[in-house]
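Numbering (the working numbering), first residue to last: 875 to 1355.
Shown next, in structure tokens, is the structure this report addresses.
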Amino acid sequence: MAFFAVSTDLGRGLLVPRLVRAADDALAGSIRLRGFHLLARGGVELLGAQVISPDGEVVLSVERARVTLDVARLRARDVGVVVELDAPTVVLKREEDGSLSLARAFAPTHPSPAQQPSGEPAWTIRATRIAIRGGTVRYLDASGRPQVVVEALTADGRGGYGPRGGGAQLSVHGELTAPERAPMDLALRASLRGRAVRVQRLRAAVGDTAIELLGSFDSATWKGRAAVLALAVDADAVRALAPRSPLAADVAGTLYAESDGQLATAALDLAPKGGGGTARASAAFRLPPAALAGGADVQVAGLDLSRVLRGAPSSALTVEARARAAGADLATLRGGGVLSVAPSRLRSGRVQSLEARVLLDRGAWELQRLDAALPGATLSARGRWRRGGEVSGQLTADATDLRALRSNVAALLDRPLPPLAGAARVEATVSGTEDAPAATVRLAAPNLAAADVAASGLALDGRLAGPLSAPTADVTANAAG
């Protein structure tokens, strides 16, 4: 009976109006059809088809749609279909509640309770050809203003899905006309076998913004790999689509990620186009159900932040950072990190060098090393802290030229600082416990000038002890002049 309905003119003539009425009754929206023609080889041509949202807005219209079914293998539960659409228009309007008008139109009139997937599909559906000519897609905000418009859309594709899996091949071309004009292209070739997805090729481009990707992933075993062979981002195009985008200039790069089911790794390489330094990062993470663990490595060479982020200051940063951690919470967390800064510039301020090493061992933090050098001063610090336990640390700051240090820090922070000149050395130690710490501070300044106050031979010794809620302090200071 089904073969008769789709393979004969009489059957299709009776079936098409009934299918349209059934779909209209099943959807929250409504369907209108100006007319239809029967075609040879089991085809039907629909004229003036429209889908209307519950608010009465046309969300989908097709001037002419031709659908041809191949039912030669119907008994084997294998159906072929050819779909050709002329001048389709899709309107995606964002409603006040955040939903899309198109989704509301296709929502079921009487929703049924969610059901668990029944396993592999029993039928094989083969789309031997899907063709779109002269399409238009409009995305509107809640007030009805167009945000994104794609015109002259053409698409050619084929694919299928059944018990053995599925696959698709698609090519799309169009012209982005809002918020700016740019050509648009998409090429996709992918397959699905069980829960394993393989992308032989994915290339998407809008103007000068493009991405090319290939990879595979099995969600059952968490095994897979993916490579972004080419990534190019046009900052102007991104800002046109997303005015709040922080991207300052065009960037290009590559990305690679891989998982063997137990360990996932990734590597990223990015750089502003036309110069401005480079940024590279790599990371590795242990996957569940194993205990949480991971590590990352970041390298920045001569990076100019103003070429990457809008509003960021001009810079030339050369930084290396490494970090690792393992554990379920702070009590069991173990890890560490290293930060190294080579001669770098931020605005007109400079950092000559910086080296920091931190170790974390099940609730205890240790600053193994902090050494920094700025124009006019050096800093060195060590320390250890355990929650509810002992604390210890030493700090030495030697400012040989406070005027140069003040000027450099003001440039780094981009804000004025009070006048300061001379030289000073500070030594401090911390001991005791978290509940009852103790600290000693020693300041020696051969000469010091701040605003209208100047001193020579200044020496200060101080001690702070006891609980933080009620500390005791002892300070002694004297100056030669």
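Cβ coordinates follow ideal geometry from the N, Cα and C atoms, glycine included.
Query raised in the report: Under 7 angstroms between the Cβ atoms of D1288 and R1221?
Result: Contact flag set, yes.
**Report entry** Assigned secondary structure, L1213 (DSSP; H/G/I helix, E/B strand, else coil)
**Finding:** Three-state result, L1213: strand.
**Report entry** Euclidean distance between Cα positions of P1120 and D1108
**Finding:** Each residue's Cα considered, the two are about 12 angstroms apart.
**Report entry** A1140 versus A1155, E958 and G1127, residue with shortest Cα-Cα distance
**Finding:** If we check each option's Cα against that of A1140, A1155 comes out closest.
Query - Minimum Cβ-Cβ distance from P1217 to chain C less than 7 angstroms - result: Absent from the structure is chain C; it holds one protein chain and no more.
Query - Inside the segment 1089-1144 only - beta strand (DSSP E) runs reaching at least 3 residues - result: Here the runs fully enclosed are 1097-1107 and 1125-1134.
Query raised in the report: So which of W1259, R1261, L1244 and R1260 has the shortest CA-CA distance to L1253?
Result: Of W1259, R1261, L1244 and R1260, the residue nearest in Cα terms is L1244.
Query raised in the report: Helix, strand or coil: how does DSSP classify D952 here?
Result: Reduced to three states, the DSSP call for D952 is strand.
**Report entry** Sequence-distant residues of its chain with Cβ nearer than 7 angstroms to A876 (five each side left out)
**Finding:** Unreliable placement is indicated for A876, whose pLDDT of 46 sits below 50; no coordinate value is reported for it.
Query raised in the report: Looking at C-alpha atoms only, which residue of L976, S935 and G954 is the closest neighbour of T942?
Result: Closest option to T942, judged by alpha-carbon separation, among L976, S935 and G954: G954.
**Report entry** In DSSP terms, what S1180 is bridged to
**Finding:** S1180 pairs with nothing; no bridge assigned.
**Report entry** Same chain, Cβ closer than 8 angstroms to D1134, five either side skipped, listed in chain order
**Finding:** The answer, listed in chain order, is K1097.
Query raised in the report: With DSSP run on the structure shown, which of helix, strand or coil describes V894?
Result: Helix, per DSSP.
Query raised in the report: Nearest to L1213 by alpha carbon, out of R1258, L1241 and A1079?
Result: Of the listed residues, the one whose Cα sits closest to L1213 is L1241.
Report task. Identify whether P1341 lies in helix, strand or coil by the three-state DSSP scheme. Result -> In the structure shown, P1341 adopts coil according to DSSP, grouped into three states.
Query raised in the report: beta strand (DSSP E) containing R1299: first to last residue?
Result: Counting along the chain, R1299 sits inside the beta strand (DSSP E) bounded by residues L1294 to G1306.
Query raised in the report: For the candidate residues G1237, L1076, R1118 and S1281, whose alpha-carbon lies nearest to that of P1292?
Result: The residue with the shortest Cα to Cα distance from P1292 is S1281.
Report task. Compute the Euclidean distance between the alpha carbons of G1040 and G1262, then round it to the nearest angstrom. Result -> It is roughly 59 angstroms from the alpha-carbon of G1040 to the alpha-carbon of G1262.
Query raised in the report: Looking only at its own chain, which residues have a Cβ that is under 6 angstroms from the Cβ of E1264, when we skip the five neighbours before and after it?
Result: Cβ neighbours of E1264 within its own chain (closer than 6 angstroms, five residues either side excluded): T1307.
**Report entry** Sequence-distant residues of the same chain with beta carbon closer than 7 angstroms to F910, five excluded per side
**Finding:** Only V890, V918, E919, L920 and L921 meet the Cβ criterion.
Requested in this report: Compute the Euclidean distance between the alpha carbons of T1350 and L1233, then round it to the nearest angstrom.
Outcome: Linking T1350 to L1233 through their CA atoms gives a straight-line distance of about 36 angstroms.
Report task. Let me know if F878 comes out buried or exposed under the rule of 16 or more other beta-carbons within 10 Å of its beta-carbon. Result -> Residue placement at F878 is flagged as unreliable, the pLDDT there being 44, under the threshold of 50; the coordinate-derived value follows with that caveat. By the Cβ neighbour-count rule, F878 is exposed, with fewer than 16 other Cβ atoms within 10 Å of its own.
Report task. Identify which residue in Y1035, R1012, G1009 and P985 has its Cα closest to the Cα of P995. Result -> The residue with the shortest Cα to Cα distance from P995 is Y1035.
Query - Contacts around V1046, its chain only, beta-carbon distance under 6 angstroms, and the 5 residues preceding and following it disregarded - result: Within the same chain, V1046 has close Cβ partners A1029 and L1060.
Report task. May I have the straight-line CA-CA distance separating L1177 from L959, to the nearest angstrom? Result -> For L1177 and L959, the distance between alpha carbons rounds to 49 angstroms.
Query raised in the report: Which parts of the segment 1188-1273 are runs of the beta strand (DSSP E), unbroken and 3 residues or longer, counting only runs that do not cross its ends?
Result: Scanning the segment 1188-1273 for uninterrupted beta strand (DSSP E) segments of 3 residues or longer gives 1189-1200, 1208-1215, 1218-1220, 1223-1225, 1227-1235, 1238-1248, 1251-1260 and 1265-1273, listed from N- to C-terminal end.
Query raised in the report: Going straight from the alpha carbon of L907 to that of A897, what length do you get?
Result: Roughly 12 angstroms between the two C-alpha positions.
Query raised in the report: Nearest CA to the CA of T1303: which residue from E1194, A1273 and G1336?
Result: Of the residues E1194, A1273 and G1336, the one whose Cα lies closest to the Cα of T1303 is G1336.
Query raised in the report: Roughly how many whole angstroms lie between the Cα atoms of A1078 and V1102?
Result: In a straight line, the C-alpha of A1078 is about 11 angstroms away from that of V1102.
**Report entry** L1050 in three-state terms, based on DSSP
**Finding:** Note: L1050 maps to strand in three-state DSSP.
Query - CA nearest to the CA of L1338, picked from G903, R1316, V1011 and D1110 - result: Closest in C-alpha terms to L1338, from the list G903, R1316, V1011 and D1110, comes R1316.
Requested in this report: Count the other CB atoms, across all protein chains shown, that sit within 10 Å of the CB of L934; report buried if there are 16 or more and exposed otherwise.
Outcome: Counting Cβ neighbours within 10 Å, L934 comes out buried, since at least 16 surround it.
Query - Sequence-distant residues of the same chain with beta carbon closer than 6 angstroms to P1053, five excluded per side - result: Around P1053: A1114.
Requested in this report: Reducing DSSP to helix, strand and coil, say where V945 ends up.
Outcome: Here V945 carries a coil assignment [DSSP, helix/strand/coil].
Report task. Please list, in chain order, all residues of the same chain as P1290 whose beta carbon is under 7 angstroms from its beta carbon, the five residues on each side excluded. Result -> Result list for P1290: A1284, in chain order.
Query raised in the report: So what's D1275 in DSSP terms, helix, strand or just coil?
Result: Judged by DSSP in its simplified three-state form, D1275 adopts coil rather than helix or strand.
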